[in-house]
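In our numbering, the protein residues as written are 799 to 945. The structure under discussion appears below in the form of structure tokens.
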């Protein structure tokens, strides 16, 4: 495949991440900081996913405790929401907000159900970003198209 075709594919894939609500403007702000390091955004996203393993494990353990400590759960989710916001993970962030509402209401079932959704959105975004970064690398270093 020629480079122009790969660049168009990568641009379309990136645009679809925004159009489908997976990413927000924070991702664009990260890209604007990329200047000299074409892998900057990918490295930040990779760091987010590495750190989020710990946060997810903390939440899972807290959800298994009896009785549920909604204050602790909300604090863990607050940290996860902040990390998600830092890379522009819009759907993950929205799920974190919903989880916090269930914590404030003392709704254990809502917390468990929403956490499963958050984990699913987290995994889906990871797969989509990995595919995007791989295609962007093939298309050429530092490739970025704004819409």
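Beta carbons: idealized from backbone N, C-alpha and C, even for Gly.
Cα atoms of residue 837 and residue 901: separation of roughly 37 Å, rounded to the nearest angstrom. Residues of the same chain with a CB within less than 6 Å of the CB of residue 875, apart from the 5 flanking positions on each side, are 894, 897 and 898 in chain order. For residue 870, the closest of 856, 879 and 882 by C-alpha to C-alpha distance is 856. Approximately 31 Å separates the beta-carbon atoms of residue 861 and residue 931; this is outside 8 Å, ruling out the contact. Annotated as distal: residue 822 and residue 924, with beta-carbon spacing of 7 Å or more. With a cutoff of 7 Å on beta-carbon distance, residue 808 and residue 934 are scored as near each other.
The Cβ neighbour count for residue 845, taken over all protein chains shown within 10 Å, is under 16; the residue is labelled exposed. Taking the Cα of residue 868 as reference, the smallest distance to any Cα among 907, 849 and 886 is reached at 907. The beta carbons of residue 886 and residue 825 sit closer together than 7 Å. For residue 831, the secondary structure class from DSSP, reduced to helix, strand or coil, is coil. If you draw a 10 Å sphere on the C-beta of residue 831, you find fewer than 16 other C-beta atoms in it, and that means exposed. Just so you know, the alpha carbons of residue 828 and residue 905 end up roughly 35 Å apart. For a cut-off of 8 Å, the C-beta gap from residue 927 to residue 851 is around 16 Å, too long to register as a contact.
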